[in-house]
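First the structure, in the form of structure tokens, and then the observations on it.
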Amino acid sequence: MKNLKSFPFERNRYFYGKLLSVEDFETEQKYFNDKRRTINRFLFGSGVVCGLGVVEVDDESISVERGLALDFAGREIVLDEPAVRKITELEGYGGEQDADFYYLCLEYREEAAELMHNVTGAASKNSSEYNKYKEGYRLFVTQEEPEREMFSPSRLYEERRTVYHGQGIRIRHVLPRFLELGKDTVLQIEVEHDGEQEFSFEYELELSFLTGNDGNRVYVRFEEKDWAKDKKYRLEIPLKAASVSDVQAEIALVKDSFKLHVGGRDYSAAEPCVSQAFISSLDDYEALQEQYYKTAMDDIMGSTFRQGIYLAKIKVVRAGGVCLIDHIEPLPFAQKIMHTEVSAAMIGRLVDDVKKIKQDRLLEEENKKGGKEQKPLKAAYGEVVFEVGHMRPGEILYSDEIVHGLGFGPVTVVLSYEVEDGFAGNSQIMFGDSSLFQSESGFAASLGAKLEPAQGTFEIAMKIIRNSSAKRVQVHWTVLRNEAQKPQLAKKKHICIQPDNPNVFVGDSVVFTAVMEGFNDERLKWKIKDPNGGTINKNGKYTAPETPGIYHITVTSQAYPKVQASTFVVVRERE
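The sequence shown lines up with residues 490 to 1064 when you count with the numbering used here.
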């Protein structure tokens, strides 16, 4: 296909008596081919549609699996059976001894086939012509990266620029294409290291309509001593867009500022690098759509540069003049086309994730609302008197059940005691293990409390440790409830339907009400599970059908889809 021009579209007009020539039949084929390929280019782009995985067969051979791809002109490339090739036999292999990788590429190819006799051939002309064109493909290797920017989704929202590529090291800048005025953004610096030596680099960037921590200059420094082959790094530099709309922000490498140190040697030859981003009052989603619809026609029609599809990056090692495969990296430039089924599946998963996030947020808001109803610390006090004159060491006394008055649930009980000796202010109050202290009264005891949270009561026990003269002991108790620290647990969510299992006559109506517990979101979805079982509106009003029967009614919370309830309605004939 030498002519890649598709426009304008022209097709044959047939009429009785028209003489058809070779040109007419070629026009017929070109019209339908151009239409199909234009749709491919504009709706899908270029890349792998399915299959075409590259796997290692042995140390010197690879296999390209069956699959389908679309090239830059919208032409279909089909491998109907696996293609096994030796690396050294692929077109483009030059046997370079310093090459440690190759890109495996796929291109569309067609060739004339089926030679046949030309019945109109003259003596001065060739009497044979090819009868068909056979569409196929071409596999080749190269060390060159794509000369033109790939059509991939990421190119629509971010710009990638190479700062340096050499010595097994690649340094790239990744900047969003669209920035909202006055908002923060990030410049990502991607570093790939294919070598086996420690390295470091530094350089300076000049900012236009952007600011960093050091104003309009950014100093980049990186050092890696714990190197590893085929390792990747990512640096992030925070920036802020200027509060100016409809301007082009730039990040430019300052001339002669680049310095790279690898394996004891210094390098300074960096490529001129300028990254750009458009600042506007739109958010990045709106700006992306506006820019795409404005420029897509020119971009797609201008992308007729012959360029293959990069299926894999094959890392190789040299051993005695033999090229051996180390490992294979599939689709190094992410040239793939998202199938509609895959897109639908991913969107479905995304919708589920968003629903879960919304449910978690609603639950969090409900818990916060519950937390605002916290009460201050509450306390209750009291006393119990034990007669201990007749008690011996080791004996235990129990109080009656005491109602503390702070309601149900867990509380803290603090106990202490003092021995009454008849003189006010002369006694000692003991807390904890009183046997640790010498008491003037010759009395010591240990105290304990048993709490009944469900009843709001407790009981006190006193065990005599020693007693020489004490007659009466007064026990002081303090009960504390700190509701400010009490966890606010979300109530279990539940729905019940009222009335339950009602009876109605055919054609009559009844209004169902959903009683909700544990949540306040009133968005509900009513449904009749039986076909021809009547109708029910969004407010729960049910209208019975003209056919008697028992019909199943369900209600589901839209905020919490797992919270459901159901009932049955009995529809009877009129007597």
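Every residue gets a Cβ at the ideal spot worked out from N, C-alpha and C, and that includes glycine.
Using a C-beta cut-off of 8 Å, the region 1055-1062 makes contact with the region 981-999, since at least three inter-stretch Cβ pairs fall below that distance.
Pairing T1043 with D1019, the inter-Cα distance amounts to about 10 Å. A731 and E1006 have their C-alpha atoms some 50 Å from each other. Taking a C-beta distance under 8 Å as the contact criterion, L604 and Y619 qualify as a contact pair. Residue environment: L508 is assigned as exposed (fewer than 16 neighbouring CB atoms within 10 Å of its CB, all protein chains considered). Secondary structure note for I726: its beta strand (DSSP E) is the uninterrupted segment K720 to A730. The DSSP-derived three-state label of G945 is coil.
A Cβ-Cβ contact shorter than 8 Å links V1060 with G1038. Per the C-alpha coordinates, the member of F590, R530 and V831 positioned closest to E565 is R530. Short of 7 Å from the beta carbon of R1063, and not among the five residues preceding or following it, lie these beta carbons of its own chain, in chain order: F994 and V995. In the DSSP annotation of this structure, L557 is not part of any alpha helix (DSSP H); the continuous beta strand (DSSP E) holding it starts and ends at G556 to L559.
Of the residues assessed, K825 falls on the buried side of the cut-off, its CB having 16 or more other CB atoms within 10 angstroms. CA-to-CA, the gap between G753 and F590 works out to about 24 Å. Judged by DSSP in its simplified three-state form, Q780 adopts helix. The residues T946 and E948, in chain order, have a CB closer than 6 Å to that of E890 in the same chain once the five nearest residues on each side in sequence are set aside. Excluding residues up to 5 positions away in sequence, A950 lie with their Cβ nearer than 6 Å to the Cβ of G937 in the same chain. Check the Cα spacing between L694 and each of E549, D703 and Q686: the tightest is with D703. Distance from the CA atom of I551 to the CA atom of Y626, rounded to whole angstroms, is 16 Å. For Y520, there is no enclosing beta strand (DSSP E); the residue is found in the alpha helix (DSSP H) stretching over V511 to I528. Non-local C-beta neighbours of K960 in its own chain, meaning closer than 6 Å and more than five positions away in sequence, comprise G878, ordered along the chain.
Measuring C-alpha to C-alpha distances from G791 to each of Y520, R500 and T527 identifies T527 as the nearest. In its chain, beyond the 5 residues on either side, L604, M605, H606, N607 and G610 have a beta carbon closer than 8 Å to the beta carbon of S617. Bridge partners of L670 according to DSSP: none are assigned.
Straight-line measurement puts the Cα of E669 at about 8 Å from the Cα of F767. Secondary structure note for Y1049: it is in no beta strand (DSSP E), with a DSSP letter that is neither H nor E. For P819, the pairing in a beta bridge is given by DSSP as A801. Per DSSP, the unbroken beta strand (DSSP E) holding H654 starts and ends at E647 to G655.
Nearest C-alpha to V543 among G556, L532, S757 and G534: G556.
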